[in-house]
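Numbering of the sequence shown is given in the working numbering, commencing with residue 735 and proceeding in unit increments. Before any comments, here is the structure.
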Amino acid sequence: MLLIHLWALPRVFNAPPLRLDSDTAAMLDAIQASGGLAGVGRWFRGDWLLENGFYRPISSASLTLDYALYGEAAWGFCFTNWLLLLTIALGVAVLTPRLLNVAPAWGWGVAVALSAQYTGLTRLLTPYSTWGWVLIVLVGISLWAWRSGVRLDPDLWEQFDTRWLWIALAGGALFWGFDRLLTADYVRLIEWVPSRTALLGTAFGVWAAVCFLRAGEEGSWRWLGLGGLLYLLALGSYEQPIMLAPFITATAIARRTLWKENAFTIAGTALACALLIAMLRLSFVTTEPTRYQQQQLRSSLSGPVLTYFSDLFPPVSQWGYWRTVGLEPTVWLLKDPWDRLVGLLLYAGVVVAFYRWRGRFGYALGWHALTLLPMAFLHPFEHYWVLPQVGKTLTDCLLIGWGIHTFVACLQAEWGKILHDGNRADPAGV
């Protein structure tokens, strides 16, 4: 994972001058006008650097500190962004096993996937067909099964039974997992200084979730206090992490039989942090929508709804296409409708995977859905997707994992029992 991030490090030192971006230039002017570090307290008592109606004291302080350390050297600001992306990936590596009840290796796998998206490595992989990656995985695990002594079923190729349906479903889950995972690319956030808000909010939010989970498992007040502190820092960096409060609350309620009275303490702490930041925001920042906020809101409801559900469930994005082409027979002479139809059929594998591992997918989809919800109503900016991408990548990796598990199971004589036992490992609570 670290090697992947090091691969993107040259972008830090080749970043364009800061003042080429108008928002960054305005933030630098605000830092200078406030007196740098000497005036950093101002940002805790009012609007943030761009003065467009947001309470973001932690982001303002972070950028002010960078200015004190590096002046207007672009590499310093970009290096901090690079470090934050690495911190998020490390946090997800720790979060994944605790949230999804999987082995630690899963966490590092998800972290590697996120790192590839954060550093632009996915750009090198997307030109190749998704089916190519699915085929590589299937051939690879077949060779592994053969070399590792897995007892393969000699009758697999001699009879057609329901296991071939499961293999097809596994292929569908693998296809959609790779297709979504490899199309995400956030490397520009390393160089774009205003993304600091989302990067700080995500980094603090992920580690806060880790601490809350440990507090629930161990009944530790130290972890609870650290989780609350980190969550306050996340909320003071950006508004989007406020959606982690209902996520933490829902998680605590789902695990209340395991966490006992700690569940309600953790839920109450997360909600109290959100309420405190909301009160500070109302006290220090105008409640009237600023011109910038009005510009950012999308004008209709149909756009946000389509954006939201298309990101959660990709086949929804095909609605506009099929409504346009209708039942025109000649359209089937083209390749595009067939590609879309095959994609729809393959999504059956996703539906089955969601059902079979619903306890795990419930947490991943819940994170994605809740953190994306408010941003869907705004004109899209790349950094809006950083926090939801954690849940989205968790979902994609689960699809790939379920596809591999199902395919390996179907190669063996006792495939039905293996599939059943794999589903029994599903965590309770969703």
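In this text, a Cβ means the ideal position worked out from N, Cα and C, and glycines have one as well.
| Asked | Found |
| --- | --- |
| Can the beta-carbon of W840 be found closer than 8 Å to that of G1125? | no |
| Here's a check: name, in chain order, each residue in its chain whose Cβ is nearer than 6 Å to the Cβ of F778, leaving out the five neighbours to either side. | P791 |
| Find out if the Cβ-Cβ distance for the pair I738, A918 is shorter than 8 Å. | no |
| Going by beta-carbon coordinates alone, are A1098 and T1129 separated by less than 8 Å? | yes |
| In angstroms with no decimal places, state the Cα-to-Cα distance between L1075 and S1044. | 16 Å |
| Please name the residue, chosen from L1079, L963, L916 and W842, that lies closest to A904 on a Cα-to-Cα basis. | L1079 |
| Using a Cβ distance threshold of 8 Å, determine whether the segment 1006-1020 contacts the segment 968-982, with at least three qualifying pairs required. | yes |
| Which of helix, strand or coil does DSSP assign to L783? | coil |
| Using only CA atoms, which one of S1033, I1138 and Y965 lies nearest to L1009? | Y965 |
| The alpha helix (DSSP H) that contains N996, what's its start and end? | N996 to F1018 |
| Tell whether a beta-carbon distance below 8 Å holds between L958 and T1003. | yes |
| Going by CA-CA distance only, name the one from A760, G1096, A988 and A942 that's closest to V828. | A942 |
| With distances taken between CB atoms, is the gap from F1088 to I901 smaller than 8 Å? | no |
| Among E1062, V826 and L834, whose alpha-carbon lies nearest the alpha-carbon of L1121? | V826 |
| Does the contact criterion of 3 or more C-beta pairs under 8 Å hold for the segment 1091-1111 versus the segment 981-1000? | yes |
| Quick check on L855: does DSSP put it in helix, strand or coil? | coil |
| Would you call the segment 908-917 and the segment 858-873 touching, i.e. three or more CB-CB distances under 8 Å? | yes |
| Anyone know if the C-beta pair for A808 and L771 falls short of 8 Å? | no |
| Given a threshold of 16 other Cβ atoms within 10 Å of its Cβ, counted over all protein chains shown, does G955 qualify as buried or as exposed? | Sequence check: residue 955 is Trp here, not Gly. Answer is exposed; the Cβ neighbour count stays below 16. |
| Measuring alpha carbon to alpha carbon, tell me which of T830, M977, E806 and T1058 ends up nearest L947. | T830 |
| Less than 7 Å between the CB of L967 and some heavy atom of the ligand PLP, yes or no? | No copy of the ligand PLP occurs in the structure displayed, which carries no ligand at all. |
| Say whether chain B places a C-beta atom closer than 8 Å to the C-beta of F981. | In the displayed structure, chain B is absent; only one protein chain is listed. |
| Find out if the Cβ-Cβ distance for the pair T1024, G787 is shorter than 8 Å. | yes |
| Residue ranges of each beta strand (DSSP E) run of no fewer than 3 residues wholly in the segment 747-802, ordered along the chain? | none |
| Tell me whether G950 is buried or exposed, calling it buried when 16 or more other Cβ atoms sit within 10 Å of its Cβ. | buried |
| Should the segment 761-769 be called in touch with the segment 739-747, which here means at least 3 C-beta pairs below 8 Å? | no |
| Give the single residue among E1062, Y1081, E952 and A968 whose Cα lies nearest to the Cα of K994. | E952 |
| Just tell me which of V1050, F1115 and C1131 has its CA closest to the CA of D913. | C1131 |
| I need the DSSP call for L1061, collapsed to helix, strand or coil. | coil |
| Would you mind sorting G1137 into buried or exposed? The rule is 16 or more other CB atoms within 10 Å of its CB. | buried |
| CA-CA distance, D1070 and R1057? | 15 Å |
| H1113 to N835, Cα distance in whole Å? | 36 Å |
| Could you tell me how far apart the beta carbons of L1040 and C1007 are, in whole angstroms, since I believe they sit closer than 8 Å? | Rounded, the Cβ-Cβ distance is 32 Å, inconsistent with contact. |
| Count the other C-beta atoms from every protein chain shown that fall within 10 angstroms of the C-beta of P928, then say buried if there are 16 or more, exposed otherwise. | buried |
| Looking only at C-alpha atoms, which of M1109, L915 and G1096 sits nearest to Y852? | L915 |
| If you draw a straight line from the C-alpha of S793 to the C-alpha of L819, how long is it? | 15 Å |
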